[in-house]
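Chemist:
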Amino acid sequence: MTDDDGNLSIDFLVAFTIFMIAFIWVATLVPNLFIGVSSHQIDFDSVAYRTSVILAEDPGAFSTASSTHTRWEFEPNSGKDNIQRFGLAISKETPNVLSEVKVKRFFDNTVFLEEDYRTKAIFGDYPYRFNISLKEEGKDPLFVGDWKIPENYGYIRKQVRIKHFSNATIDKTDVQKFRLNNHDTSSLIQDGNVTEHDFVIQINRSKLLYDNLTTPVINPNFDVAYRIDPRTEEINITIQDFHESPPVGAWVAPRWAKIELGCVTLSQTISDEGEAPTQLPSELYKDYVYHNMVQENPPFELGLDDTLSVIFKPGFFPPSYDRGSIYVKFRFNATTNYDGNPIYGLQYLNTSQSHPWELTYNTTEVTQPVLSNAVMEVKIW
């Protein structure tokens, strides 16, 4: 007699197999129902960290195929789609040292929308909300994104530094120190009697970008943080005592003089081979867009209190050249109240008998770029 108590029916085995397959399938599916919530909650800190690294340690990128510019911060408002990635660092060699130009451009939320910041700084398929702020020492904070921040968010805080522009001032002491004034010679006793004076400022790109710095730099890779870069930074030169009465000849009675700025011309060389300067084109950058060098909108400002400010905005000069020099020539009209024939002039700023006044790393003549302390905070949710 056969004992079949230990045998399982085929129906039971089939049913059990189907149940196990279904159970395993459901078990693997259920966690996926909540993966969107759990992963994003855990991912907030990593996204905040990644965003801070992109902004503080990367110089940014643009589309070379569709852009005529060389840096994202100089893209006009109409060309912002050419920007591939925001980045505030001066260069890859100077992480956490931010460009003042890039900072101002990045925090211009009248141009960039929240979606621009998501696609060019935060990245990722999930529509993250964010608050990105930068607090410079002694200044009000800058921020983009949402003010209302929930309880649960990713957070990163970075200590950074911001590079600020250099500036230079020319006054009557420079006239004596550098012999910038025209003067009498043995061959022409009244050489000082001139009614038109050409005063030239030289911005030597080769020296500024490649010569040794006077300020010691601990890390040689960081010297770019202390360099004056006329391609990407604001150049600010002020001539003080603009109407200061210069020496007047004995033929003038009473002593009276009038100084006027006649015109300004720009020229440049693009190598160190000693070629003659060529005049710059009439279309140059200003405020991120092209403009014609017309009298109504020049980069030269006649200020109050006898000052003449020369302010070239970042990107004003052609950014593709890193050699040669830029020459800014001022023509001053200097006259007296003498009405004889010929009309007598007087001595004034004049480099016709001397080397042009040069923007250099000499700290006694030019205020060098400085790095200020700042804190960047990135919040993601």
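Position 280 of the sequence shown, counting from 1, maps to 272 under this note's numbering, and the rest follow consecutively. Built from N, CA and C at the ideal position, the CB exists for glycine as well. Note that this is a predicted model, so its numbers are computed, not measured.
In three-state terms, what does DSSP make of T111?
Modeler: As a working note, residue 111 is residue 119 in the sequence shown. Of the three classes helix, strand and coil, the one that applies to T111 here is helix, per DSSP.
Chemist: If I follow the unbroken alpha helix (DSSP H) through S91, where does it start and stop?
Modeler: Counted from its first residue, the sequence shown places residue 91 at position 99. Where S91 is concerned, there is no enclosing alpha helix (DSSP H), although the beta strand (DSSP E) it sits in stretches over 89 to 91.
Chemist: Using only CA atoms, which one of R219, L253, I220 lies nearest to I231?
Modeler: For the purposes of this step, residue 231 is identified with residue 239 of the sequence shown, where counting begins at 1. It is L253 whose Cα lies nearest to the Cα of I231.
Chemist: Go ahead and label R149 buried or exposed: buried means 16 or more other beta carbons lie within 10 angstroms of its beta carbon, across all protein chains shown.
Modeler: Taking the first residue of the sequence shown as 1, we reach residue 149 at position 157. The residue is exposed, with fewer than 16 neighbouring Cβ atoms inside 10 Å.
Chemist: Are I262 and Y313 close, meaning C-beta to C-beta below 8 Å?
Modeler: Translated into the one-based positions of the sequence shown, residue 262 becomes position 270. Translated into the one-based positions of the sequence shown, residue 313 becomes position 321. Cβ atoms of I262 and Y313: closer than 8 Å.
Chemist: Thinking C-beta only, is E357 closer than 8 Å to F304?
Modeler: Position 312 of the sequence shown, counting from 1, holds the residue named residue 304. Position 365 of the sequence shown, counting from 1, holds the residue named residue 357. Not a contact, by the Cβ cut-off of 8 Å.
Chemist: By Cβ distance below 6 Å, which residues in the same chain neighbour D163 in space, the five residues on each side in sequence not counted?
Modeler: One-based indexing of the sequence shown puts residue 163 at position 171. Counting only Cβ-Cβ distances below 6 Å, and skipping sequence neighbours, we find Q232, D233.
Chemist: Write down the C-beta distance between L205 and D221 rounded to the nearest angstrom, noting that I regard them as a contact closer than 8 Å.
Modeler: Numbered from 1 along the sequence shown, position 213 holds the residue referred to as residue 205. Numbered from 1 along the sequence shown, position 229 holds the residue referred to as residue 221. At roughly 12 Å, the Cβ-Cβ gap does not stay under 8 Å, so L205 and D221 are not in contact.
Chemist: How many Å lie between V367 and F78 at the Cα?
Modeler: Along the sequence shown, one-based indexing puts residue 367 at 375. Along the sequence shown, one-based indexing puts residue 78 at 86. Distance between the alpha carbons of V367 and F78 is about 18 Å.
Chemist: How would you label T102, buried or exposed, when you count the other beta carbons within 10 angstroms and need 16 or more for buried?
Modeler: On the sequence shown, residue 102 is found 110 positions in, with the first residue counted as 1. Burial call: exposed.
Chemist: Starting from the Cα of A53, find the closest Cα among V18, N88, K94, A14 and give me that residue.
Modeler: Against the sequence shown, residue 53 aligns to sequence position 61. Closest option to A53, judged by alpha-carbon separation, among V18, N88, K94, A14: K94.
Chemist: Given a cut-off of 8 Å, decide if E92 and F135 are closer than it, judged by their beta-carbon atoms.
Modeler: By 1-based counting over the sequence shown, the position of residue 135 is 143. By 1-based counting over the sequence shown, the position of residue 92 is 100. Contact: no.
Chemist: Cutting at 7 Å between CB atoms, please list the residues of its own chain near L272, excluding the five before and the five after it.
Modeler: Reading the sequence shown from its first residue, position 280 is the one you call residue 272. Correct list, in chain order: L258, S259, Q260.
Chemist: Return helix, strand or coil for V367, following the three-state DSSP convention.
Modeler: Here the question's residue 367 lines up with position 375 in the sequence shown. Here V367 sits in strand by DSSP.
Chemist: Would you grab the beta carbon distance between K155 and V89 for me? Rounded to a whole angstrom, and I think it's under 8 Å.
Modeler: As a position in the sequence shown, residue 155 is number 163, starting the count at 1. As a position in the sequence shown, residue 89 is number 97, starting the count at 1. That pair is a contact at about 6 Å.
Chemist: Quick one: what does DSSP say L253 is sitting in, helix, strand or coil?
Modeler: Sequence index remark: in the sequence shown, residue 253 carries index 261 (1-based). DSSP, read as helix, strand or coil, puts L253 in strand.
Chemist: Could you spell out the range, first to last residue, of the alpha helix (DSSP H) harbouring Y202?
Modeler: For this step, residue 202 is matched to residue 210 along the sequence shown. Looking at the DSSP string, the run of the alpha helix (DSSP H) that includes Y202 is 197 to 202.
Chemist: Does any heavy atom of the ligand SAH sit closer than 7 Å to the C-beta of T165?
Modeler: Looking for the ligand SAH in the displayed structure turns up nothing, as the structure carries no ligands at all.
Chemist: What alpha helix (DSSP H) runs, 4 residues minimum, are completely inside the segment 147 to 173?
Modeler: 164 to 170
Chemist: Relative to the C-alpha of K112, which candidate in P119, I75, E129, F324 has its C-alpha closest?
Modeler: As a position in the sequence shown, residue 112 is number 120, starting the count at 1. Out of P119, I75, E129, F324, I75 has the C-alpha closest to the C-alpha of K112.
Chemist: Quick check: what's the CA-CA separation for T352 versus R323?
Modeler: The residue you call residue 352 lines up with position 360 of the sequence shown. The residue you call residue 323 lines up with position 331 of the sequence shown. Going by the C-alpha atoms only, they are around 22 Å apart.
Chemist: Taking the beta carbon of T343 as the centre, do at least 16 other beta carbons fall within 10 Å, making it buried, or is it exposed?
Modeler: By 1-based counting over the sequence shown, the position of residue 343 is 351. Buried, because 16 or more other Cβ atoms sit within 10 Å of the Cβ of T343.
Chemist: From L338, S346, T327, I251, pick the residue whose C-alpha is nearest to that of T299; which is it?
Modeler: Within the sequence shown, numbered from 1, the residue matching residue 299 stands at position 307. Minimum Cα distance to T299 is reached at I251.
Chemist: By the three-class DSSP mapping on this structure, what secondary structure does K72 have?
Modeler: Locating residue 72 in the sequence shown gives position 80, where the first residue counts as 1. DSSP, read as helix, strand or coil, puts K72 in helix.
Chemist: Exposed or buried, G316, counting other C-beta atoms within 10 Å across all chains shown (16 or more means buried)?
Modeler: Along the sequence shown, one-based indexing puts residue 316 at 324. With 16 or more Cβ atoms within 10 Å of its Cβ, G316 is classed as buried.
Chemist: Assuming G146 contacts V39 (C-beta within less than 8 Å), just tell me the rounded distance between them.
Modeler: By 1-based counting over the sequence shown, the position of residue 146 is 154. By 1-based counting over the sequence shown, the position of residue 39 is 47. Yes, G146 and V39 are in contact; Cβ-Cβ is about 6 Å, under 8 Å.
Chemist: For N173, count neighbouring Cβ atoms within 10 angstroms of its own Cβ and tell me buried if that reaches 16, exposed if not.
Modeler: On the sequence shown, residue 173 is found 181 positions in, with the first residue counted as 1. The residue is buried, with at least 16 neighbouring Cβ atoms inside 10 Å.
Chemist: Roughly how many angstroms separate the alpha carbons of V167 and L80, rounded to a whole number?
Modeler: Working through the sequence shown from its first residue, we reach residue 167 at position 175. Working through the sequence shown from its first residue, we reach residue 80 at position 88. The straight-line gap from Cα to Cα measures roughly 40 Å.
Chemist: Which value, in whole angstroms, describes the spacing of the CA atoms of I10 and D35?
Modeler: If you number the sequence shown from 1, residue 10 lands on position 18. If you number the sequence shown from 1, residue 35 lands on position 43. In a straight line, the C-alpha of I10 is about 37 Å away from that of D35.
Chemist: How many Å lie between A268 and F309 at the Cα?
Modeler: For the purposes of this step, residue 268 is taken as residue 276 along the sequence shown, with counting starting at 1. For the purposes of this step, residue 309 is taken as residue 317 along the sequence shown, with counting starting at 1. Near 18 Å, if we compare the C-alpha coordinates of F309 and A268.
Chemist: If E85 sits next to V192, beta carbons under 8 Å apart, how far is it from one beta carbon to the other, in whole angstroms?
Modeler: Stepping through the sequence shown from its first residue, residue 85 is reached at position 93. Stepping through the sequence shown from its first residue, residue 192 is reached at position 200. The Cβ separation is near 34 Å, so there is no contact.
Chemist: Give me, in chain order, the residues of the same chain whose beta-carbon lies closer than 7 Å to that of Y340; leave out the 5 immediate sequence neighbours on both sides.
Modeler: Translated into positions along the sequence shown, residue 340 becomes position 348. Counting only Cβ-Cβ distances below 7 Å, and skipping sequence neighbours, we find N173, H189, P238, I251, F324, A326.
Chemist: Less than 8 Å between the beta carbons of W349 and Q194, yes or no?
Modeler: Working through the sequence shown from its first residue, we reach residue 349 at position 357. Working through the sequence shown from its first residue, we reach residue 194 at position 202. It is a contact, given that the beta carbons lie within the stated cut-off.
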